[in-house]
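Notes to accompany the following structure.
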Amino acid sequence: MSRVLLLSIIFFSIWFALSGHNDTFFLTIGVVVTALCILIVNRMRDREVVNGLDLSGHFVRQLVGYVVYFVWLLKEIMNSAWIVTQIIIDPKLPINPNTVKIRASQRTSLGLVVFANSITLTPGTLTIDITGQELMVHSLVRGGGDDLEGGIMDAKITALECTE
């Protein structure tokens with residue numbers, strides 16, 4: 260019961276923060292949507308792990324991990340956007356496009372998709388193809404994929420996965 264209450268508070272808080280409305284009509288819609296989400300989560304509860312998402316008691320810890328990762332990703336996006344802006348402003352336009360294959364260590368398809376989308380969200384890089392555990396990444400400048408080969412993003416996403 261406490262798990263349902265905690266999830267209800269989390270879901271409703273997220274809905275309220277994103278909607279910004281405090282009219283009775285909208286609050287009622289928020290409660291209904293929260294209840295539907297709780298019903299869906301409870302139906303999935305029979306399986307402790309669904310596609311890499313932990314639905315057991317570690318759910319809140321995993322949710323916090325994703326929030327921390329999202330903040331880190333925003334920082335990386337802003338850093339990359341600044342670098343791409345400098346390249347574009349430079350009159351010589353010092354681009355040197357290349358592609359690089361990156362080996363992913365994710366154990367679930369959800370983790371692999373999060374990794375590929377995180378690469379694509381970062382300015383100057385684009386995931387072109389996924390074959391097995393290898394990602395083909397296009398980079399605006401040579402060496403743009405060096406950080407990806409270093410594995411910081413890969414390791415952070417793999418740490419968020421739950422495969423038990």
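Per our numbering: the sequence shown ends with 423, consecutive numbering throughout.
Virtual Cβ for every residue (Gly too), placed ideally from N, Cα, C.
It should be emphasised that the depicted structure is a prediction, and the values quoted were computed from it without experimental measurement.
Element boundaries [beta strand (DSSP E), containing residue i]
i, result
"T390", "T384 to T390"
"I361", "N357 to R362"
Residue i versus the options, residue with shortest Cα-Cα distance
i, options, result
"I346", "D406, F284 and L399", "L399"
"E420", "V327, T367 and N301", "T367"
"M412", "L352, I288 and L333", "L333"
"P353", "R401, Q321, Q392 and Y328", "R401"
"V396", "A375, K415 and I416", "A375"
"K271", "L371, G279 and V290", "It is worth fixing the name first, because residue 271 is Phe in this sequence and not Lys. Measuring from the Cα of F271, the nearest candidate turns out to be V290."
"L369", "I416, L298 and L264", "I416"
"S339", "L266, A414 and L407", "L407"
"L264", "A294, H280, N281 and F285", "A294"
"K360", "V343, T384 and P350", "T384"
"L371", "Q321, N281, A418 and I269", "A418"
"S267", "N281, T283, D282 and V300", "V300"
Assigned exposure category for residue i - 16 Cβ within 10 Å defines buried
i, result
"G391", "exposed"
"F382", "Checking the sequence shown, residue 382 turns out to be Pro, not Phe. P382 comes out buried."
"V373", "buried"
"G279", "exposed"
"L298", "exposed"
"L277", "exposed"
Helix, strand or coil at residue i according to DSSP, with G and I counted as helix
i, result
"S272", "helix"
"R262", "helix"
"N281", "coil"
"V323", "helix"
"V396", "strand"
"D349", "coil"
"G289", "helix"
"I299", "helix"
"I342", "helix"
"I336", "helix"
Span of the alpha helix (DSSP H) around residue i
i, result
"T379", "S368 to L380"
"I411", "I411 to L419"
Nearest-angstrom beta carbon gap, residue j and residue i [assumed within contact, 8 angstroms]
i, j, result
"I387", "T358", "7 angstroms"
"A363", "L394", "6 angstroms"
CB contact below 8 angstroms: residue i versus chain C
i, result
"S364", "No chain C appears in this structure, which consists of one protein chain only."
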